[in-house]
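Peer 1: Dropping a structure here in structure tokens format, bear with me for questions.
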Amino acid sequence: MPIRTGHTAARLYFWLATFLALGLLAIILGQLAEDRAKTRAAATASASNVGNALATDIGGSLNTLERMLLGVRGAITAGDTHLARERLDMLLLAMPDAIKLAGATNGNGLIVLGNAGSDYDQQNLSWRPYFAHHRESPDTGLHISGPYAALSDGTPLIVASLRLDDAQGRFAGVLVAGIQLTYFNKLFDRIGLETGGSITLFTGNGIVIGRRPYDPQVIGRDLSKFRGVSRAIAGERVFEDVAAIDHVKRLYVSTPITGYPLFINVAQSTDTIFRNWADKTMTIGATTTALVGGMILLVCLLYCENGRRGEMQMQLAEANRQLHQAAETDALTGVANRRRVERLLADYSKAGSTHFSVLMLDIDLFKTFNDRYGHEAGDKALRAVAQTLAEALPAAQDLVARYGGEEFIILLPHSNIDNAQTVAEHIRARVAALQIPHADSPYHTITVSIGLAGVGNLNDLPPEELVRLADKALYRSKQAGRNRVTISPFVPQKANESDSTREAA
1 MPIRTGHTAA RLYFWLATFL ALGLLAIILG QLAEDRAKTR AAATASASNV GNALATDIGG
61 SLNTLERMLL GVRGAITAGD THLARERLDM LLLAMPDAIK LAGATNGNGL IVLGNAGSDY
121 DQQNLSWRPY FAHHRESPDT GLHISGPYAA LSDGTPLIVA SLRLDDAQGR FAGVLVAGIQ
181 LTYFNKLFDR IGLETGGSIT LFTGNGIVIG RRPYDPQVIG RDLSKFRGVS RAIAGERVFE
241 DVAAIDHVKR LYVSTPITGY PLFINVAQST DTIFRNWADK TMTIGATTTA LVGGMILLVC
301 LLYCENGRRG EMQMQLAEAN RQLHQAAETD ALTGVANRRR VERLLADYSK AGSTHFSVLM
361 LDIDLFKTFN DRYGHEAGDK ALRAVAQTLA EALPAAQDLV ARYGGEEFII LLPHSNIDNA
421 QTVAEHIRAR VAALQIPHAD SPYHTITVSI GLAGVGNLND LPPEELVRLA DKALYRSKQA
481 GRNRVTISPF VPQKANESDS TREAA
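Residue 313 in the numbering used here sits at position 313 of the sequence shown, and the numbers go up by one each step.
Take a look at the structure:
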């Protein structure tokens with residue numbers, strides 16, 4: 001009794017100390033997680049505001065550009081070259097910081113119209129990708145591509161272009177406007193960035209056309225394969241990832257530019273965002289470690305003694321469990337054995353289980369199979385059939401057991417005759433589908449005969465009598481030609497079923 005009392009007290013102290021330590025840890029971790037979430041939310045809101053402001057500014061400029069280009073296209077379509085040239089010049093005057101040059105080509109790519117003072121005249125643009133795009137696509141909307149180097153002086157720019165059609169709707173050239181990338185850099189320079197922060201403008205397919213901090217080696221790179229860009233392309237708006245350019249982990253807020261195939265990634269270094277939070281975490285962590293460490297030490301002292309005894313008890317319990325399992329498991333097939341069936345039938349009988357059905361099953365002509373193919377093949381066939389039976393059972397409480405030799409029994413608690421018959425037919429068909437060759441069988445493969453008996457309540461019929469009825473039904477299946485299911489005629493069946501023995505399909 002003193003040993004048991006000491007053992008119980010040790011367990012009590014163990015769980016009390018564990019509960020206190022875990023409770024304290026959970027409170028602190030919860031608070032830290034909440035603080036981190038608030039810090040991340042504030043950083044996300046700040047980046048989102050920056051992204052929205054830039055997207056609005058760039059989107060507004062592109063919208064103005066598009067409207068003015070549409071005006072030029074209208075003049076060209078009307079055949080008024082003078083008006084078209086005036087509108088090109090107006091475009092350059094209206095957006096001097098953005099537009100480098102503008103012009104129109106004929107259907108062969110030759111520039112036939114350029115803004116005043118442009119050295120664009122008589123250049124051929126048919127080799128540019130945007131020219132091929134408009135030639136092949138009937139879309140008359142604004143197309144953005146690049147970046148490219150200007151033909152005149154190599155200035156990096158992106159091109160906004162519109163398709164030109166003749167009076168019959170056939171391709172007649174393109175109208176282009178070159179937007180200097182310095183325009184975007186000037187926008188980005190207005191934004192104050194924390195250490196490790198960045199702003200990057202991408203085309204819809206992941207090509208860099210603007211970035212702060214500026215790096216000319218990055219402009220024009222296709223980063224669509226990198227996770228931080230591919231996630232934004234896929235529509236993810238807020239995420240943490242490692243940058244493809246400088247390999248810094250950042251919090252990204254991606255903002256699409258409405259109406260145009262561009263998006264902005266405003267990114268902040270996670271080290272910068274969470275620096276104060278990390279310092280606070282270190283301080284709290286050190287204090288928590290000291291408090292929890294004392295509790296853990298107490299737990300360990302108690303647990304050492306308690307653990308030694310508990311381990312011995314666990315080993316003993318496991319050994320008993322394995323012995324019990326081995327005693328009720330068939331060594332060859334791995335399914336339950338007759339001993340387990342008898343125990344369960346007794347338990348079900350005491351409980352007065354309702355709608356209880358039993359299937360007795362026998363592998364047809366198994367002796368001749370053994371004689372022809374050998375006992376090793378016979379054992380393999382027994383294992384295959386047992387596995388098939390186990391897999392075919394519809395409910396967790398159903399049980400298959402090897403009853404002896406090639407005979408199996410299946411217990412179906414809470415299954416009436418109709419349900420049990422469905423299960424039996426399913427089992428018969430699945431065994432036949434194994435296609436295990438059996439030259440001495442009229443079916444040329446291994447098949448099973450099944451006898452079925454069921455009762456509404458086990459209080460009305462002893463379990464051993466139910467097994468005996470199922471066994472007699474099995475015998476009738478064999479007499480009727482094997483590979484079939486027979487229901488015991490001594491148990492009530494469906495009113496519309498006059499023949500209890502059904503031929504195999």
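Note that beta-carbon positions come from the ideal geometry of N, C-alpha and C, so glycine has one too. Model, not experiment: these values are computed from the prediction.
Using CA coordinates, which residue listed in Q168, A78, Q217 and R85 is at the minimum distance from P147?
Peer 2: On the sequence shown, residue 147 is found 147 positions in, with the first residue counted as 1. Among Q168, A78, Q217 and R85, the Cα nearest to that of P147 is on Q217.
Peer 1: Measuring alpha carbon to alpha carbon, tell me which of A84, A78, L91 and A47 ends up nearest S61.
Peer 2: Position 61 of the sequence shown, counting from 1, holds the residue named residue 61. That would be L91, whose Cα lies nearest to the Cα of S61.
Peer 1: Can you tell me which of the three DSSP states F274 falls into?
Peer 2: Counting from one through the sequence shown, the residue named residue 274 turns up at place 274. The answer is coil: DSSP assigns F274 none of H, G, I, E or B.
Peer 1: For V248, which residues of its own chain have a beta-carbon under 6 Å away from its beta-carbon, when the five flanking residues on both sides are left out?
Peer 2: Taking the sequence shown and counting its residues from 1, the one referred to as residue 248 is at position 248. Closer than 6 Å at the Cβ level, and outside the excluded window around V248, lie G196 and S269.
Peer 1: Which of the three DSSP states, helix, strand or coil, is assigned to S415?
Peer 2: The residue labelled residue 415 in the question sits at position 415 within the sequence shown. Coil at S415, not helix or strand.
Peer 1: Can you tell me which of the three DSSP states E185 falls into?
Peer 2: In the sequence shown, the residue the question calls residue 185 occupies position 185. Correcting the residue type first, residue 185 is Asn in the shown sequence and not Glu. Helix at N185.
Peer 1: What does the Cβ neighbour count give for F263, buried or exposed, with the cut at 16 atoms within 10 Å?
Peer 2: The residue given as residue 263 occupies position 263 in the sequence shown. Its Cβ being crowded by 16 or more others within 10 Å, F263 is buried.
Peer 1: Is D271 near the ligand HEM, with its Cβ less than 7 Å from a heavy atom?
Peer 2: By its list of ligands, the structure shown contains no ligand whatsoever, and the ligand HEM lies outside what it can speak to.
Peer 1: To the nearest angstrom, report how far apart N124 and G107 are at their CA atoms.
Peer 2: Taking the sequence shown and counting its residues from 1, the one referred to as residue 124 is at position 124. Taking the sequence shown and counting its residues from 1, the one referred to as residue 107 is at position 107. The alpha-carbon atoms of N124 and G107 are separated by roughly 11 Å.
Peer 1: Extract the residue ranges of the beta strand (DSSP E) inside the region 146-196, only unbroken runs of 3 or more that lie entirely within it.
Peer 2: As far as the region 146-196 is concerned, its whole beta strand (DSSP E) runs of at least 3 residues are 156-165 and 171-180.
Peer 1: Give the DSSP-derived three-state secondary structure of L16 in the structure shown.
Peer 2: Walking along the sequence shown from the start, residue 16 turns up at place 16. DSSP places L16 in helix when its eight states are reduced to three.
Peer 1: Going by the beta-carbon positions, is the gap between F184 and G210 smaller than 8 Å?
Peer 2: Position 184 of the sequence shown, counting from 1, holds the residue named residue 184. Position 210 of the sequence shown, counting from 1, holds the residue named residue 210. Against a cut-off of 8 Å, the Cβ pair of G210 and F184 comes out as a contact.
Peer 1: Going by beta carbon distance, what residues of the same chain come within less than 6 Å of P463, once the five residues before and after it are set aside?
Peer 2: Taking the first residue of the sequence shown as position 1, residue 463 is located at position 463. Cβ within range, chain order: L345 and S349.
Peer 1: Touch check for the region 200-214 and the region 124-142: three-plus C-beta pairs under 8 Å?
Peer 2: Touching, no.
Peer 1: Let me check one thing: in DSSP terms, what residues is M90 bridge-paired to?
Peer 2: In the sequence shown, counting from the first residue as 1, residue 90 sits at position 90. Bridge partners of M90: none, in fact.
Peer 1: How would you label H414, buried or exposed, when you count the other beta carbons within 10 angstroms and need 16 or more for buried?
Peer 2: Along the sequence shown, one-based indexing puts residue 414 at 414. Burial call: exposed.
Peer 1: Is R338 near G404, with beta carbons less than 8 Å apart?
Peer 2: The residue you call residue 338 lines up with position 338 of the sequence shown. The residue you call residue 404 lines up with position 404 of the sequence shown. Yes, Cβ-Cβ distance for R338 and G404 is below 8 Å.
Peer 1: When the Cα of A104 is compared with those of A160, L193, Y443 and I219, which residue comes out closest?
Peer 2: Taking the sequence shown and counting its residues from 1, one reaches residue 104 at position 104. The candidate whose alpha carbon is nearest that of A104 is A160.
Peer 1: Answer with yes or no whether the minimum CB distance from L412 to chain D is below 8 Å.
Peer 2: Absence of chain D from the displayed structure is noted, only one protein chain being present.
Peer 1: Skipping 5 residues on each side, what residues in its chain have a beta carbon closer than 7 Å to that of A167?
Peer 2: Numbered from 1 along the sequence shown, position 167 holds the residue referred to as residue 167. Around A167: no qualifying Cβ.
Peer 1: Buried or exposed for P96, going by 16 or more other Cβ atoms inside 10 Å?
Peer 2: For the purposes of this step, residue 96 is identified with residue 96 of the sequence shown, where counting begins at 1. With fewer than 16 Cβ atoms within 10 Å of its Cβ, P96 is classed as exposed.
Peer 1: Specify the secondary structure class of M68 as computed by DSSP and reduced to three states.
Peer 2: Here residue 68 refers to the residue found at position 68 when the sequence shown is read from its first residue. Helix, per DSSP.
Peer 1: Using the three-state DSSP reduction, which class does D364 fall into: helix, strand or coil?
Peer 2: Taking the first residue of the sequence shown as 1, we reach residue 364 at position 364. Here D364 sits in coil by DSSP.
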